[in-house]
Structures are given as structure tokens and as C-alpha cells.
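Peer 1: Protein chains in written order, with this note's numbering: chain A, 622 to 887; chain B, 7 to 139.
Every residue gets a Cβ at the ideal spot worked out from N, C-alpha and C, and that includes glycine.
Bear in mind the structure is a predicted one, so any value in this text is a computation, not a measurement.
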């Protein structure tokens with residue numbers, strides 16, 4: 622049984638599934654490669670080669686007879702769902718320690734890939750509370766104006782994050798999503814502070830954009846580069862720069878219009 | 007006075023990191039220690055920055071603290087270190103640096119398009135994004 626082409630191709634599919642789940646949900650590139658190799662090695666195929674890039678994965682599983690099975694997957698959507706990364710990693714370790722069969726692993730990974738996540742309003746709510754806390758972190762002291770800032774930040778992030786997730790489901794490009802999201806945040810913040818006349822616009826905007834910031838991509842880029850995956854590292858670094866430009870552009874356009882309309886009275 | 011300020015920063019930072027982690031769907035069990043590490047590392051940054059005035063050394067020490075604690079927690083909980091690094095690092099991500107170009111560009115654009123009598127919007131004091139130092 623342990624040498625038939627069917628087993629090898631089943632193994633390649635399962636290893637691929639684990640690597641795809643890790644890459645699609647915000648894991649590092651080296652972790653995807655490591656997990657795929659671990660699954661193949663545990664199934665008795667140590668001569669497995671895996672190349673993972675942020676946009677695709679190549680896996681070749683070699684049998685003792687000399688035949689090999691290759692598999693390629695393209696990764697189109699990347700989001701941040703670290704619970705899936707954690708689960709995929711845990712399943713691969715259970716398979717490695719022999720507590721799970723290949724069929725079981727495949728079934729669990731397939732179920733994990735299609736598992737339901739937290740609903741959109743809840744995710745936007747978490748983002749809003751987090752942003753409000755960051756605004757509070759930047760404020761020098763507690764006063765009525767600070768409470769106003771916190772409330773406005775919450776509304777900004779909640780609205781922008783909700784619209785972002787909805788548009789992301791309609792497969793809009795990430796640049797556009799980030800650009801529109803940061804523009805909405807800056808617009809709400811500028812309107813609220815402009816109309817009411819109180820509040821610190823800088824603190825509100827810097828707190829509100831925190832969920833959009835590419836801190837995760839940047840950390841992963843540096844981790845990948847340090848681990849020797851220079852292609853993935855530079856690709857993710859480029860992604861970071863693009864996201865940062867989108868945020869700066871979205872906020873910048875709204876602020877420029879605001880400064881122009883109000884004549885520089887900020 | 008200073009101690010109250012530091013304690014407030016730690017508490018706020020804990021909740022900020024916690025809800026940011028929930029936003030990225032980190033499970034609650036590993037999230038509590040990683041939020042604590044976020045709060046602690048922000049305290050490290052804050053103390054070094056306030057006492058010595060060197061921002062970069064503060065960031066470096068805080069980031070080292072986060073990754074060191076995260077690697078230990080990853081071994082304890084047998085979970086990927088990413089789960090602990092992501093909420094831990096987020097208070098150190100400089101949002102103000104990211105929006106600095108847009109604050110500069112909004113001034114440049116407004117100066118370029120504004121009427122001549124509105125020259126005051128190009129002065130640095132009218133920058134829309136200001137933070138406490």
C-alpha cells in the first residue's frame with residue numbers, strides 16, 4: 622500500500638491542502654513548507670521537495686520506485702485567520718506523532734478550509750474596540766474631548782472595516798479595499814471633528830488605521846527573509862509598501878480635500 | 007504621576023492587543039498571555055523612550071521582548087509563534103510614520119491648489135497629524 626501512485630498523489634494533495642490553508646490565512650512561508658514536508662516525512666516519503674511562495678505552492682513527492690507526483694496550487698486570496706493556521710499546524714503534528722491517519726487528516730483539513738469564521742459585524746466590532754484603545758493610548762490625558770475621540774475612532778473603524786470585508790468578498794483588489802477603507806475613516810474623522818469643533822484629528826486617524834496597517838506582512842517579510850526565503854520575503858515587503866501607499870493615499874486625499882475646503886483650519 | 011501614566015498605558019495596551027488578536031481570530035486561550043506580553047513590551051518601549059529619549063532603542067528592545075516571550079510561549083502552548091507575535095507587535099507598529107507622508111502630501115497639495123492668501127496651511131504647525139511626544 623505504501624508505494625502505490627494513489628497513495629503518493631493522496632499524500633501530495635493532503636500536504637498541499639495544509640500548506641494552502643497556512644498561506645491563505647496569514648502564516649509564514651517557511652511554516653507552510655515545513656508543514657508539508659513534515660506530513661510527507663511522517664507518511665514515509667522523506668524525499669519531498671516543497672517550494673512555497675506567497676502566491677503559489679509546488680510540491681513533488683518521490684516514491685522509492687523512482688516515480689514522482691507533483692502538484693501545483695495557486696493562492697489568490699490572503700486573509701488573516703490565525704486560528705486556522707494554528708489548527709492546520711496542530712493537525713500536522715498529530716499526524717506526525719501517528720495519532721491520525723492520512724484519510725482523517727485530509728478530512729479534517731478539508732473541513733477546516735471550509736469552516737465558518739466569526740461573522741462580519743463581530744469582526745468589525747473587535748477592530749473598532751481595538752482602534753479605540755489605540756487612540757486612547759496616543760492621547761495625553763483623559764477628558765471629554767478624549768472620550769469623543771474614542772467614540773469617533775470606534776465608528777470610523779467599524780464602518781470602514783465592515784465595508785472592507787463586504788467588498789473583499791466581492792474580490793476587489795487589496796489595494797482598492799485598503800484605499801477606500803482608509804479614505805472612509807479619514808472622511809468620518811474629518812467630518813466629526815470639523816462639525817463638532819472638538820477632538821484631535823491626528824489621534825483619531827492614527828488609531829483608526831491600525832487594523833489596516835501592514836504590521837503582520839512586515840513581520841512575516843522580515844521573518845521569511847531571515848529564514849532564507851528571500852523571494853517570499855521581498856514579495857511580502859513589496860506588499861507592505863503597496864498597502865502603506867494605499868493607506869497614505871486614502872487618508873491623504875481626504876485630508877487634502879478637507880484642508881482645501883476649510884482653508885487650512887485644522 | 008509617571009507610574010499612573012505607565013499603568014494606564016499597560017492596561018489600555020492589553021485591551022488593544024486583545025481585541026486586535028480577536029480581530030485576527032486568534033483563539034482566546036493563547037491570546038491572554040500574548041496580550042500581556044504586548045502590554046509589557048509597550049511598557050519597555052515607553053520607559054526607555056521617556057527616560058532616555060531614544061525612540062529606536064526603545065522599539066528595538068520592545069520588539070526583542072515580544073519575540074523572546076513569544077518563542078517561549080510557543081513552546082509552552084505548542085502553537086505557532088506567529089499567533090503570539092502578531093498581537094504582541096501591533097502596539098509597536100508606527101501608524102504615525104505611515105500617515106506622515108499623507109500629512110506632508112496634504113500640505114503640499116493644499117499649498118499647490120490653495121488661494122495665495124491662504125499661505126498659513128503650509129506651515130508645519132498646521133500639520134493635521136500631531137501626537138504627544
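Are the beta-carbon atoms of residue 12/B and residue 93/B separated by less than 9 Å?
Peer 2: Position 6 of the second chain, counted from the start, is the residue given in the question as residue 12/B. Position 87 of the second chain, counted from the start, is the residue given in the question as residue 93/B. For residue 12/B and residue 93/B, no; Cβs fall outside 9 Å.
Peer 1: Whole angstroms is fine: what's the gap from residue 28/B's alpha carbon to residue 83/B's?
Peer 2: Counting from 1 along the second chain, the entry for residue 28/B is found at position 22. Counting from 1 along the second chain, the entry for residue 83/B is found at position 77. Cα to Cα, the separation comes out at about 18 Å.
Peer 1: Are there 16 or more other CB atoms within 10 angstroms of the CB of residue 116/B, so buried, or fewer, so exposed?
Peer 2: For the purposes of this step, residue 116/B is identified with residue 110 of the second chain, where counting begins at 1. The predicted position of residue 116/B is uncertain, since its pLDDT is 48 and thus under 50; a value taken from the coordinates is nonetheless stated next. Burial call: buried.
Peer 1: What is the DSSP secondary structure of residue 752/A, counted as helix, strand or coil?
Peer 2: Numbered from 1 along the first chain, position 131 holds the residue referred to as residue 752/A. Here residue 752/A sits in helix by DSSP.
Peer 1: Judging by CA-CA distance, which residue of 838/A, 847/A and 875/A is the nearest neighbour of residue 803/A?
Peer 2: Reading the first chain from its first residue, position 182 is the one you call residue 803/A. For residue 803/A, the closest alpha carbon among the candidates 838/A, 847/A and 875/A is that of 875/A.
Peer 1: Cα-Cα, which of 60/B, 10/B and 34/B is closest to residue 160/B?
Peer 2: This structure leaves residue 160/B out entirely; chain B is present only between 7 and 139.
Peer 1: Can you name, in chain order, every residue of its own chain whose Cβ lies under 8 Å from the Cβ of residue 634/A, other than the five neighbours on each side?
Peer 2: Counting from 1 along the first chain, the entry for residue 634/A is found at position 13. So the qualifying residues of the chain are 692 and 727.
Peer 1: What does residue 785/A reach in chain B if we use C-beta pairs closer than 8 Å?
Peer 2: Residue 785/A sits at position 164 when you count from the first residue of the first chain. Result: empty, since nearest Cβ-Cβ is about 12 Å, beyond 8 Å.
Peer 1: According to the Cβ coordinates, are residue 684/A and residue 666/A closer than 9 Å?
Peer 2: Numbered from 1 along the first chain, position 63 holds the residue referred to as residue 684/A. Numbered from 1 along the first chain, position 45 holds the residue referred to as residue 666/A. Going by C-beta atoms, residue 684/A is nearer than 9 Å to residue 666/A.
Peer 1: Only counting the same chain, and skipping five residues up and downstream in sequence, which positions put a Cβ closer than 7 Å to that of residue 778/A?
Peer 2: Within the first chain, the letter at position 157 stands for residue 778/A. Excluding five sequence positions before and after residue 778/A, the CB atoms of its chain that fall closer than 7 Å to its own CB belong to 748, 749, 752, 806, 829 and 832, given in chain order.
Peer 1: For the beta strand (DSSP E) holding residue 764/A, just list the boundary residues, first then last.
Peer 2: Stepping through the first chain from its first residue, residue 764/A is reached at position 143. Here residue 764/A belongs to no beta strand (DSSP E), and DSSP marks it neither H nor E.
Peer 1: Does the region 836-846 of chain A come within contact of the region 816-827 of chain A, defined as at least 3 CB pairs closer than 8 Å?
Peer 2: no
Peer 1: When we look at the beta-carbon of residue 646/A and count the other beta-carbons within 10 Å, is it buried (16 or more) or exposed?
Peer 2: Looking up residue 646/A in the first chain gives position 25. So residue 646/A counts as buried.
Peer 1: Determine the burial state of residue 707/A: buried for a count of at least 16 other Cβ atoms within 10 Å of its Cβ, exposed for fewer.
Peer 2: Counting from one through the first chain, the residue named residue 707/A turns up at place 86. By the neighbour-count rule (16 or more Cβ atoms within 10 Å), residue 707/A is buried.
Peer 1: Specify, as a first and last residue, the run of the beta strand (DSSP E) that residue 860/A falls within.
Peer 2: Translated into positions along the first chain, residue 860/A becomes position 239. Run containing residue 860/A: none in the beta strand (DSSP E); it sits in the alpha helix (DSSP H), 851-883.
Peer 1: Are three or more beta carbon pairs between the region 727-738 of chain A and the region 759-769 of chain A nearer than 8 Å?
Peer 2: Not touching, per the Cβ criterion.
Peer 1: Quick one: what's got a C-beta closer than 7 Å to residue 808/A's C-beta in the same chain, skipping five residues either side?
Peer 2: Looking up residue 808/A in the first chain gives position 187. Taken in chain order, the residues that qualify are 875.
Peer 1: Quick one: is residue 781/A buried, meaning 16 or more other Cβ sit within 10 Å of its Cβ, or exposed?
Peer 2: In the first chain, residue 781/A corresponds to position 160, counting from 1. Buried.
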